[in-house]
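Visitor: Residue numbering for the sequence shown follows the working numbering, beginning at 341 and increasing consecutively. Just so you know, even glycine gets a beta-carbon here, dropped at the ideal spot from N, CA and C. One structure, as structure tokens, below. Some questions next.
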Amino acid sequence: MKSDIRVCSAWREAHDSPVYTLSDSCPDCGADAENSAPAPFDPNDPHGKYRRALKRRRR
Ligand SMILES: [Zn+2]
Numbered sequence: 341m342k343s344d345i346r347v348c349s350a351w352r353e354a355h356d357s358p359v360y361t362l363s364d365s366c367p368d369c370g371a372d373a374e375n376s377a378p379a380p381f382d383p384n385d386p387h388g389k390y391r392r393a394l395k396r397r398r399r
């Protein structure tokens with residue numbers, strides 16, 4: 341199951357750092373809260389494994 345943690349959708353404008361909440365809106369600025377951002381990389385990237393293996397082999 342996915343995490344219920346949400347992040348203020350306007351945190352870049354309204355806050356210095358992401359504001360996390362469990363409710364539908366930011367408790368700080370009242371903006372909509374959205375599902376926390378997906379991971380910056382895809383852990384299921386089918387090619388990542390090979391890229392990393394290649395890197396290791398070159399050393
Ligand atoms: Zn906010």
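According to DSSP, simplified to helix, strand and coil, what is residue 354?
Guide: Indexing the sequence shown from 1 puts residue 354 at position 14. It is helical.
Visitor: Going by DSSP, name the residue or residues bridged to residue 397.
Guide: Residue 397 sits at position 57 when you count from the first residue of the sequence shown. Partner(s): none; residue 397 has no beta bridge.
Visitor: So residue 374 and residue 357 are in contact, right, with Cβ under 8 Å, and what is the actual spacing, rounded?
Guide: The residue you call residue 374 lines up with position 34 of the sequence shown. The residue you call residue 357 lines up with position 17 of the sequence shown. Actually they do not touch by this definition, with Cβ atoms about 16 Å apart.
Visitor: Ends of the beta strand (DSSP E) at residue 347?
Guide: Numbered from 1 along the sequence shown, position 7 holds the residue referred to as residue 347. Looking at the DSSP string, the run of the beta strand (DSSP E) that includes residue 347 is 346 to 348.
Visitor: Using the Cα positions of residue 352 and residue 392, report the straight-line distance between them to the nearest angstrom.
Guide: Here residue 352 refers to the residue found at position 12 of the sequence shown. Here residue 392 refers to the residue found at position 52 of the sequence shown. Taking the straight line from one Cα to the other gives about 32 Å.
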